[in-house]
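Read in our numbering, the sequence shown has 111 at position 121, and its numbers run on one by one without any break. Where is the CB? At the ideal position from N, CA and C, for every residue including glycine.
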Amino acid sequence: MATGVMSFLWSLVAVLMVAVVSAGDEAALLAFKAQVSDGGSLASWNSSADFCSWEGVTCSSRRPARVVELSLNGSGLAGALSPALGNLTFLRKLDLSYNWLHGEIPSSLGRLRRLQRLDLYDNSFSGTLPVNLSSCISMTNMGLHNNKLGGRIPAELGEKLTSLATLWLRNNSFTGPIPASLANLSSLGNLDLSANQLVGSIPPAGLGSIRSMWLFDVSSNNLSGTIPVSLYNWSSLELFGVRFNMLHGRIPGDIGTKFPKMKFLGFNENHFTGTIPSSISNLSYLINLQLGNNRFSGYVPATFGRLGALQALDLGNNKLEVNDNKGWEFVTSLANCSQLQTLVLGGYSFGGQLPASITNLSATLQQFTIADSRVSGSIPRDIGNLVGLNRLQITNNFISGVIPESIGKLHNMIELGLYSNSLSGLIPASLGNLSQLTRLLAYYGNLEGPIPASLGELKNLFLLDLSTNYKLNGSIPREILKLPRLSWYLDLSYNSLSGPLTDEVGSLANLNQLILSGNQLSGKIPDSIQKCVVLECRMRSRERSLESSHSEPHGTYKLTL
-9 MATGVMSFLW SLVAVLMVAV VSAGDEAALL AFKAQVSDGG SLASWNSSAD
41 FCSWEGVTCS SRRPARVVEL SLNGSGLAGA LSPALGNLTF LRKLDLSYNW
91 LHGEIPSSLG RLRRLQRLDL YDNSFSGTLP VNLSSCISMT NMGLHNNKLG
141 GRIPAELGEK LTSLATLWLR NNSFTGPIPA SLANLSSLGN LDLSANQLVG
191 SIPPAGLGSI RSMWLFDVSS NNLSGTIPVS LYNWSSLELF GVRFNMLHGR
241 IPGDIGTKFP KMKFLGFNEN HFTGTIPSSI SNLSYLINLQ LGNNRFSGYV
291 PATFGRLGAL QALDLGNNKL EVNDNKGWEF VTSLANCSQL QTLVLGGYSF
341 GGQLPASITN LSATLQQFTI ADSRVSGSIP RDIGNLVGLN RLQITNNFIS
391 GVIPESIGKL HNMIELGLYS NSLSGLIPAS LGNLSQLTRL LAYYGNLEGP
441 IPASLGELKN LFLLDLSTNY KLNGSIPREI LKLPRLSWYL DLSYNSLSGP
491 LTDEVGSLAN LNQLILSGNQ LSGKIPDSIQ KCVVLECRMR SRERSLESSH
541 SEPHGTYKLT L
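Pasting the structure below:
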C-alpha cells in the first residue's frame, strides 16, 4: 500500500510540474503579447485554446510541452520586447523580423542557451547589443540587421558563440573596431557588418583561417588600412565587399586564382592604387565588379570579355588610361558579355574618341555611364541599337556633334543625361518617343533651334533641364507646359527663347521650380500661374511682366511691377 501511495504522490508531483512548466511558457507568451499591439495577428492567443496551437508558436512533442519556436515575422507587431521571453528556455528559434518593434533587446535573452536562430532584423531596436547574448552558446544564425543598434560589437560574441555560421549586423550604428575575436568563429560563413560606423582596420590576423567564409561585407563604414593578405585565402568566397571606406593598397595580381567561386567583388569608393589585375578575367562566375572611385591606373584589361557571367562593371573615376592609340580594346571585348546590364566609365585620364563599338554591347545593357572624362568624339549614330537601355549618362565630357535621331528607339529609357558637353545641332524630335522618360537633362551645351513640341509626349517626365545652351530659340512649346508629372523643376534659363509665357503654365500645378531667366520672353505673366500652388516663388500681382534687365549678367530677367 505504501508503494501505491508513493506512486500516486510521484504522479501528482509530475502533473503539478507539467502544469507549472506549461504555465511558465504560457505566462511568458502572454507577457510578450501584453507589450505589443498586433493588429489582430495574435487573435488566437487566448485561454480558450492550448498555447501550443497559437499563431506562430511551435512546441516540442515531449511532455511537458515546451515552446521551441516563436515565429511571427511580418505580423504587424509594434511595441517593446518583453524580458519574459527569456523564460522560454527551450526556445530554439525566435523570429520577429519585419515588424515595428522598438526599444532595447532584453538582456534576458541570454538565458536561452538552446537558441539556435535569432532573427530580429527589419525592426527599430535601439540601444546596444547585449553582451549576454554571447551566453546563447547554441546560436548558429544571428540576424539583427536593419535596426538602430549602436555601441561596440561585443568581443564576447567571437569568444563564446563558436557555432555561429551567420552574423548579420548591417545597417545599424555600431561603432568601434571589428572585434578580432571573430576569428574564433571557425564555422562562420556569412559576415555582414556593412552600413555602420566601424573604424580602424580589418583585423590583420585570424579571419583568413576561417575556411567556410562565403560572404564578407564590411562596406559603408569608416575602415582604414589595407586588406589583410590572409583574406585572399577564402577560396569559398562568393561575395567580397569593402566598398565606401578609406582602405588603400593594391589588389593582388593573382586574385583570379584565389576566388574560383567569386560572384561579387566590391572595392569602389576607397583609395586603392595600382593596376587592375588581368587575372580577374579568370573569375568565370563573376557577376558584379565594382572598382569605381579609387586611384587605379594603367589600362583596363582587354580580356574582360571572358567574364561571360558579368552583369555590372564600374570603372568610373579612377586614373585609368584610355586614348586614341590604346585602351579602348576592353569595350570591344565586352561585346562578348551577353548578360551585361551596367557599365560605368570615366575619369580624367579617360580620353580619346568614344568608340562606335559601344553600340555592339549586349541588348541587355540597361545603364551606360561615361562621366567626368576627356573623352571626345560624337555619340555613335547607332546608339539606338542598345534597346535595353533605361539610363544613359554621357555627362561632363568633350563629346560634340549632334544627338542622334536613333536615340528615339530607346523606348525603355527612364533617365537621359547629356549635360556639360559640346553637343550641337537640333534636339531630335524622336526624343518624344521615350514615353517612359522621367528625367531629361541636356544643359551646358551648344544645342540650337526650337525646342520640339514632341517633348510634350513625355507624360512621365518630372524633371526637364535644357538651360544654358544659348542658341535654343523660338517660343516655349505649349505642350511642355502641359506635362502632367512635371514636378521637380523646369529649367529653360539662359537660352534665346522668346514670345510670351502662355496660359498653359497653370497646368503645372505640382511644379516646385520654374526657371526662365536669361531669355527674351515678353508679355504679362498669365493669371493661370496662380494654379501652380507649390512653386517656391509664386507671383502675387496680375500686373507683373517679364522684361529683360541688361544690368544683370547674361541678360537675367527680373520681375517688375
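Q25 and N131 have their C-alpha atoms spaced approximately 26 Å apart. The alpha-carbon separation between E526 and Y433 amounts to approximately 22 Å. In this chain, V392 is not harboured by any alpha helix (DSSP H), its DSSP state being neither H nor E. In the DSSP assignment, I277 falls outside any beta strand (DSSP E) and carries neither an H nor an E. Taking all protein chains in view, the Cβ of E259 is crowded by 16 or more other Cβ atoms within 10 Å, so the residue is classified as buried. In this structure, the beta-carbon distance from L480 to L456 does not fall below 7 Å.
Counting along the chain, the unbroken alpha helix (DSSP H) around F320 starts and ends at 319 to 323. Taking the C-beta atoms as reference points, S323 is found nearer than 7 Å to F294. Under the 10 Å beta carbon count, K150 is surrounded by 16 or more other beta carbons and is classified as buried. According to DSSP, residue pairing for G133 in a beta bridge involves D109, W158. The shortest CA-to-CA distance from N272 to any of L300, R429, L84, G378 is the one to L300. Here H261 is exposed: its Cβ has fewer than 16 other Cβ atoms, across all protein chains shown, within 10 Å.
Bounds of any alpha helix (DSSP H) do not take in L431; it lies within the beta strand (DSSP E) bounded by 429 to 431.
For Y222, the secondary structure class from DSSP, reduced to helix, strand or coil, is helix. Only exposed fits T216, as fewer than 16 other CB atoms lie within 10 angstroms of its CB. Within the stretch 343 to 383, there are no complete alpha helix (DSSP H) runs of at least 4 residues.
Taking 4 residues as the shortest admissible run, the stretch 217 to 261 contains the following complete alpha helix (DSSP H) segments, listed from N- to C-terminal end: 245 to 248. Going by beta carbons, A361 and G378 fall outside the 7 Å limit.
Within the same chain, Cβ atoms closer than 8 Å to the Cβ of Q426 are found at N380, H401, N402, M403, I404, N450, the five residues on either side in sequence being excluded.
For Q357, the closest C-alpha among the options E228, R468, L382 is that of L382. For S209 and I200, the gap between their C-alpha atoms comes out near 20 Å. Cβ contact annotation for K83 (same chain, cutoff 6 Å, sequence separation greater than five): E59, R107, in chain order. Excluding five sequence positions before and after A70, the CB atoms of its chain that fall closer than 6 Å to its own CB belong to Q25, G93, given in chain order. In the three-state reduction of the DSSP assignment, V524 falls in the coil class. Ranked by how close their Cα comes to the Cα of S87, the residues A74, A68, R103, L110 have L110 in first place. For E59, the enclosing beta strand (DSSP E) covers residues 57 to 61. For Q503, the pairing in a beta bridge is given by DSSP as Y479. Excluding the 5 residues flanking it on each side, C49 has same chain C-beta neighbours closer than 7 Å at C42, A55, R56, V57, V58, in chain order. If you draw a straight line from the Cα of Y460 to the Cα of P193, it is about 56 Å long. Sequence-distant partners of F115 (beyond 5 residues in either direction) whose C-beta falls short of 8 Å from its own C-beta, in its chain, are L71, L91, H92, G93, E94, I95, L134, N137, K138, L139. Assignment of beta-bridge partners to K83 by DSSP yields E59, R107. Take N211, set aside five residues on each side of it, and the residues of its chain with a beta-carbon closer than 8 Å to its own are L183, S184, A185, N186, Q187, L188, V189, F234, N235, in chain order. Leaving aside the five residues that flank S444 on each side, the residues in its chain whose CB is nearer than 6 Å to its CB run, in chain order, A419, G422. Cβ-Cβ separation between T354 and I373: approximately 16 Å, too far for a contact (criterion under 8 Å). Taking C-beta separations shorter than 8 Å and ignoring five residues to either side along the sequence, the partners of L154 in its chain run M129, T130, N131, M132, L147, L175, S177, L178, following chain order. Taking C-beta separations shorter than 6 Å and ignoring five residues to either side along the sequence, the partners of G464 in its chain run P440, following chain order.
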